[in-house]
Amino acid sequence: MTECASTTHAVAVHHSLPCLLAGFANKDVFLFYWGRKWEKIKLQGHSTAIRAVAFHPTESQIFATASDDDIIKVWNLEERSVVRTLKVAEGVRTLKVAEGSDLNIGACRRGGLISLVSPLESDKKYKMPVDWDRILSPVFCTRIMGFCPRVGKSLLIAFHKETIQVWDYKEGVCMAKWEAHDTPTRSAFFHPRLPYIFTVAKEGKIRIWSETSYRQVASYFFGYADISSMIPCGTCNKLVLGGRGMFKVVAVDTGREEQENEAQKQMQSPSTESAQTSAGATTTGDEAVFALRTPVSEELENRIVQIRLEFEEKIKREVAIVELNCKKALETLEGLIAEHQKKERIQAERVQLLEKRFDEEVARRERLQA
Numbered sequence: 230m231t232e233c234a235s236t237t238h239a240v241a242v243h244h245s246l247p248c249l250l251a252g253f254a255n256k257d258v259f260l261f262y263w264g265r266k267w268e269k270i271k272l273q274g275h276s277t278a279i280r281a282v283a284f285h286p287t288e289s290q291i292f293a294t295a296s297d298d299d300i301i302k303v304w305n306l307e308e309r310s311v312v313r314t315l316k317v318a319e320g321v322r323t324l325k326v327a328e329g330s331d332l333n334i335g336a337c338r339r340g341g342l343i344s345l346v347s348p349l350e351s352d353k354k355y356k357m358p359v360d361w362d363r364i365l366s367p368v369f370c371t372r373i374m375g376f377c378p379r380v381g382k383s384l385l386i387a388f389h390k391e392t393i394q395v396w397d398y399k400e401g402v403c404m405a406k407w408e409a410h411d412t413p414t415r416s417a418f419f420h421p422r423l424p425y426i427f428t429v430a431k432e433g434k435i436r437i438w439s440e441t442s443y444r445q446v447a448s449y450f451f452g453y454a455d456i457s458s459m460i461p462c463g464t465c466n467k468l469v470l471g472g473r474g475m476f477k478v479v480a481v482d483t484g485r486e487e488q489e490n491e492a493q494k495q496m497q498s499p500s501t502e503s504a505q506t507s508a509g510a511t512t513t514g515d516e517a518v519f520a521l522r523t524p525v526s527e528e529l530e531n532r533i534v535q536i537r538l539e540f541e542e543k544i545k546r547e548v549a550i551v552e553l554n555c556k557k558a559l560e561t562l563e564g565l566i567a568e569h570q571k572k573e574r575i576q577a578e579r580v581q582l583l584e585k586r587f588d589e590e591v592a593r594r595e596r597l598q599a
């Protein structure tokens, strides 16, 4: 057990190294190595409380931390240094008032003031101090974050103030951002086996988004309110959802036959637009390219995933064969070395015997001469 002087906000365990990452309310980030008698290493760089931490699922030396000031830092584990800093939101925020009110409210984070302006008296402004620690509660800060597990894709997903953001953390570019749900979003992640992004809202609606076009491809209503979390299984296409006093396991069906049928309909009627595309997504790419995407491309993505999994299994088999051959070769080499050492030992014994006989013969002749 190890102790820290602040509340723990986020914890992540490395998938292959004896390493634990923890973020605290007092802006501290610590790495704990339990293979080194729980060595504790402090990482400095954030100026406000830490809300989310995550290790990269395939790049073992990459991890990320997110803090209350809307900053995400991507780190190199070996060098213990920041390789990229991402600003997920602007510093100025707008506050809404109840319908029917005569006041417009604007808030400036840097000045620490709220400005009140009345439409009836536009020349008068009223200012009052604001407690930003309360306004910048965890509801508005980056509290969901994760990496894309696909090889060759340097993508990071973050959720900030009801907006999903996908970043290329190597380039420092926001690839897409959109509002996934009308109610508070509880989870967002890249699926570890399928080329999709999954999100879930508090009221129980799951939405599935294309990993390449960021458009909605499917949705499912869970049927339970007050969902608090959702995580994927790393070895199968199942999701675990948690709520108040319950949890449920949901299987994800890719529906290849339905996709093929829908693809044929799309080819027969090119002017028909899919009813499941997202109307609220904002991307940095070419919208025309996204508009041409059909279920055929989604089927291709699924096929690519299947090929990748089959290729990984083939690599595992080949590696096992190579390891077996290396083991046999090593055993053969060890046998040859042992045989050679035995011959050397026999040869050494013969040399010692000859030397002994020679010494005895020399001694005998000296006695005869005497």
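One rule links them: number in our numbering = place in the sequence shown (from 1) + 229.
All C-beta atoms in this analysis are idealised placements derived from N, C-alpha and C, irrespective of residue type, glycine included.
Length of the line joining the Cα atoms of residue i and residue j
i      : j      : result
Arg171 : Phe451 : Only positions 230 to 599 of the chain appear in this structure, which leaves residue 171 out of reach.
Gln535 : Ile460 : 21 Å
Cys403 : Asp397 : 6 Å
Leu246 : Pro421 : 19 Å
Glu408 : Leu553 : 52 Å
Thr287 : Val380 : 8 Å
Ser289 : Gly471 : 28 Å
Expected contact under 8 Å - CB spacing of residue i and residue j to nearest Å
i      : j      : result
Thr314 : Ile300 : 6 Å
His275 : Val258 : 7 Å
Ser448 : Lys467 : Their Cβ separation, rounded to whole angstroms, is 18 Å, which puts Ser448 and Lys467 out of contact at 8 Å.
Ser457 : Arg415 : 6 Å
Helix, strand or coil at residue i [DSSP, three-state]
i      : result
Arg422 : coil
Val580 : helix
Thr236 : coil
Leu306 : coil
Glu268 : strand
Ala412 : Per the sequence shown, the amino acid found at residue 412 is Thr instead of Ala. Residue state, collapsed to three classes: coil.
Nonlocal neighbours in the same chain, by C-beta distance under 6 Å from residue i, ignoring five residues either side
i      : result
Cys377 : Leu384 and Phe419
Pro413 : Lys431
His243 : Phe284
Trp438 : Ile426 and Gln445
Cβ neighbour criterion (16 or more within 10 Å) applied to residue i
i      : result
Phe587 : exposed
Cys248 : buried
Gln581 : exposed
Ile544 : exposed
Phe388 : buried
Ala567 : exposed
Val481 : buried
Thr236 : exposed
Val240 : exposed
Met475 : exposed
Arg444 : buried
Gln178 : Since the first residue shown for the chain is 230 and the last is 599, residue 178 is missing from the structure and cannot be characterised.
Contacting residues, own chain, Cβ-Cβ under 7 Å from residue i (five flanking each side not counted)
i      : result
Leu260 : Cys248, Leu250, Ile270 and Leu272
Val312 : Val303, Trp304 and Asn305
Lys382 : none
Close-in-space but distant-in-sequence residues of the same chain around residue i (CB under 8 Å, 5 per side omitted)
i      : result
Lys256 : His275, Ser276, Thr277, Ala278, Ile279 and Ser296
Leu538 : Arg422
Any non-hydrogen atom of the ligand FAD within 7 Å of residue i CB
i      : result
Glu288 : Although the ligand FAD was asked about, the structure shown includes no ligands whatsoever.
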